[in-house]
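Visitor: Just passing along the structure, written as structure tokens.
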Amino acid sequence: MTTQTDQLIEALVTGAKPVRRLRPPMLRAAFWLALAGALIAGITVYHANEEGEGLKHLFGDLAHTKFTLQWLASLATGITAVIAAFELSLPDRSRAWRLLPVPAAALWLLTLGYGCFTDWVEYGPDGFVAGHSVQCLTTIIGTSVPLGLGLAFMLSHAGASRPVDTIVIGALGLAALSATGLSLYHDLDATLMIIVWHVVVASLVVAISRLRARRRA
Amino acid sequence: MADGGEEGEELARLMAAAQDGDKRAYATLLQAVTPYLRAQARRYLRSPQDVEDVVQEILLTIHRVRHTYDPARPFLPWLVAIARRRVVDRLRGKGRRDSHEVVVSPDDETFANAPANIPEEEADHSRLHAAIAALPPGQRLAVELLKFKDMSLKEASDFSGMSVGSLKVAAHRAYKALRMALTGSPGEDETRG
């Protein structure tokens with residue numbers, strides 16, 4: 001058995017190539033956040049032009065305190081959770097990073113309403129048709145999936161130490177930023193649906209990573 | 218080595234060199250941490266095979282994520298976090314396997330059929346040995362070579378100088394004679410005719 005371990009070491013050393021060290025997590029988080037910001041800004045401008053209302057609609061909304069509070073809370077949750085996820089993905093960083101997004105997330109959750117979560121099917125003159133919820137979900141997926149894939153790629157090394165913590169906090173950041181984006185270009189408050197969607201996706205990712213670990217063990 | 222200090226600094230230096238492609242430093246590092254990883258794994262796992270498997274998994278993980286180590290930071294916390302994760306994964310996997318398997322000690326082994334649980338009386342070999350001793354020399358030799366020494370017909374033939382055919386005949390006659398001596402009946406061959 002020891003010989004096998006020695007052989008493994010020999011094989012690893014033989015195949016070892018120089019590697020590029022990861023940049024500091026804060027820098028990487030800032031890079032990802034900048035990309036996410038650019039994507040959300042792009043989608044917002046596109047929707048504003050589509051609806052022919054320009055950005056006036058958005059700034060009108062920002063005059064409402066509740067909307068602004070929720071928007072700022074989700075933005076803060078997104079930023080802090082993404083920073084925490086980048087820190088947690090490294091083996092030697094403190095687990096206390098998990099607490100970073102908690103205050104902002106608490107404020108964000110306090111401002112939640114059902115929004116468009118309850119309108120899956122509508123019954124009207126045309127019979128049963130897909131309600132606003134379906135449209136909401138499509139918009140959420142369109143925002144969340146590209147952001148999520150980028151985040152998953154940048155945090156793929158997290159499996160070495162704290163996969164579940166990283167996935168959960170990363171999904172929180174993703175949900176919060178999607179909500180921040182959607183509140184700019186989606187008329188109805190989609191926050192609850194966004195959270196449910198991200199909980200489902202994060203659970204799936206955790207389950208898949210557990211299955212893979214089980215197969216390996 | 219667990220206390221960090223100078224040795225920790227040396228390991229950090231070796232890892233930094235390994236990240237830059239220094240294979241000798243990498244080999245030294247992996248060889249230096251392996252006994253430590255083994256000792257850590259032994260604290261949680263009893264089977265030597267499990268310990269060695271988990272050590273190998275840790276080494277593979279170190280290799281896969283070696284770019285995540287920041288040489289400005291201590292090396293051991295990085296190593297320990299990776300090692301702990303792999304040990305936990307192994308324990309989880311083991312727990313899952315063990316929950317599907319029941320280990321029964323041989324003492325508990327029992328059968329529904331009552332006589333099967335009565336320890337077998339020690340076989341009485343003396344009658345067999347006496348019966349073999351009473352066989353003619355050729356038959357006795359055939360039994361001794363083919364059964365006691367577990368030789369093939371060819372080996373027994375080479376050893377005794379008897380032909381394979383005569384060995385077969387001698388062995389067959391010996392078995393018949395022994396069956397007769399021990400059970401009092403000529404056996405299946407005879408009853409079948």
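Residue numbers (this note's numbering), protein chains in the order written: chain S, 1 to 217; chain L, 218 to 410.
Where is the CB? At the ideal position from N, CA and C, for every residue including glycine.
Computed from a predicted model, the values in this text were never measured in an experiment.
1. Is the CB-CB distance between residue 148 of chain S and residue 85 of chain S below 7 Å?
2. If you count every other CB in all the chains shown that lies within 10 Å of the CB of residue 173 of chain S, and 16 or more means buried, which is it?
3. Going by the CB atoms, is the gap between residue 166 of chain S and residue 151 of chain S shorter than 7 Å?
4. Are the C-beta atoms of residue 9 of chain S and some chain L residue less than 7 Å apart?
5. If contact means a Cβ-Cβ distance below 8 Å, which residues of the region 267-282 of chain L contact chain S?
6. State yes or no: is the beta carbon of residue 284 of chain L nearer than 7 Å to at least one beta carbon in chain S?
7. Whole angstroms is fine: what's the gap from residue 199 of chain S's alpha carbon to residue 242 of chain L's?
8. Using a Cβ-Cβ cutoff of 8 Å, what residues of the region 65-84 of chain S are near chain L? List them in chain order.
9. Keeping to the same chain, check which residues put their C-beta closer than 7 Å to that of residue 303 of chain L; ignore five residues upstream and five downstream.
10. Once the 5 residues before and after residue 108 of chain S are set aside, which same chain residues still bring their CB inside 6 Å of it?
11. If we count Cβ pairs, one from each stretch, closer than 8 Å, do we get three or more for the region 239-258 of chain L versus the region 24-42 of chain S?
12. In chain L, which residues lie less than 8 Å from residue 5 of chain S when you measure between Cβ atoms?
13. Taking the C-alpha atoms as reference points, what is the distance between residue 9 of chain S and residue 3 of chain S?
14. Taking a contact to mean a Cβ-Cβ separation below 7 Å, would you say residue 92 of chain S touches residue 295 of chain L in this structure?
15. Identify whether residue 410 of chain L lies in helix, strand or coil by the three-state DSSP scheme.
16. Hey, how far is the Cα of residue 390 of chain L from the Cα of residue 356 of chain L?
17. Answer yes or no: does any C-beta atom of chain S fall closer than 7 Å to that of residue 294 of chain L?
18. Chain L partners of residue 161 of chain S, CB-CB under 7 Å?
19. DSSP state of residue 353 of chain L, grouped into three classes?
20. Determine the extent of the alpha helix (DSSP H) in which residue 101 of chain S is found, giving its start and end residues.
21. Out of curiosity, what's the CA-to-CA distance linking residue 202 of chain S and residue 145 of chain S?
22. Hey, residue 308 of chain L and residue 348 of chain L are a contact pair by Cβ (cut 8 Å); roughly how many whole angstroms apart?
23. Looking at C-alpha atoms only, which residue of L:354, L:386, L:238 is the closest neighbour of residue 280 of chain L?
Guide: Judging by the given coordinates:
1. In this structure, residue 85 of chain S does not lie closer than 7 Å to residue 148 of chain S by Cβ.
2. Classification of residue 173 of chain S: buried, given that the 10 Å Cβ count is 16 or more.
3. Taking the C-beta atoms as reference points, residue 166 of chain S is found no nearer than 7 Å to residue 151 of chain S.
4. Yes - at least one Cβ of chain L is within 7 Å of the one on residue 9 of chain S.
5. Taking 8 Å as the Cβ-Cβ cut-off, the region 267-282 of chain L approaches chain S at 269, 272, 273, 274, 276, 277, 278, 280, 281, 282, given in chain order.
6. Closer than 7 Å to some Cβ of chain S, the Cβ of residue 284 of chain L qualifies, so yes.
7. Pairing residue 199 of chain S with residue 242 of chain L, the inter-Cα distance amounts to about 44 Å.
8. Along the region 65-84 of chain S, none of the residues has a CB nearer than 8 Å to a CB of chain L.
9. So the list reads 271, 274, 275, 278, once near-sequence residues are dropped.
10. So the qualifying residues of the chain are 73, 74, 77.
11. Too few Cβ pairs lie closer than 8 Å, so no.
12. Within 8 Å of the CB of residue 5 of chain S, the CB atoms of chain L belong to 251, 269, 272, 273, 276, in sequence order along the chain.
13. Their backbone Cα atoms lie some 10 Å apart in a straight line.
14. Cβ atoms of residue 92 of chain S and residue 295 of chain L: closer than 7 Å.
15. For residue 410 of chain L, the predicted model reports a pLDDT of 38, less than 50, meaning its position is unreliable; a value from the coordinates is still stated below. Three-state DSSP puts residue 410 of chain L in coil, outside helix and strand.
16. Residue 390 of chain L and residue 356 of chain L have their C-alpha atoms roughly 7 Å apart.
17. Interface residue, yes.
18. Within 7 Å Cβ-Cβ: 298, 299, 302.
19. Correct three-state label for residue 353 of chain L: coil.
20. Element bounds for residue 101 of chain S: n/a, residue is neither H nor E.
21. CA-CA distance, residue 202 of chain S to residue 145 of chain S, rounds to 12 Å.
22. A Cβ-Cβ distance of about 59 Å is found for the pair residue 308 of chain L and residue 348 of chain L, leaving them out of contact under the 8 Å criterion.
23. Closest in alpha carbon position to residue 280 of chain L, among L:354, L:386, L:238, is L:238.
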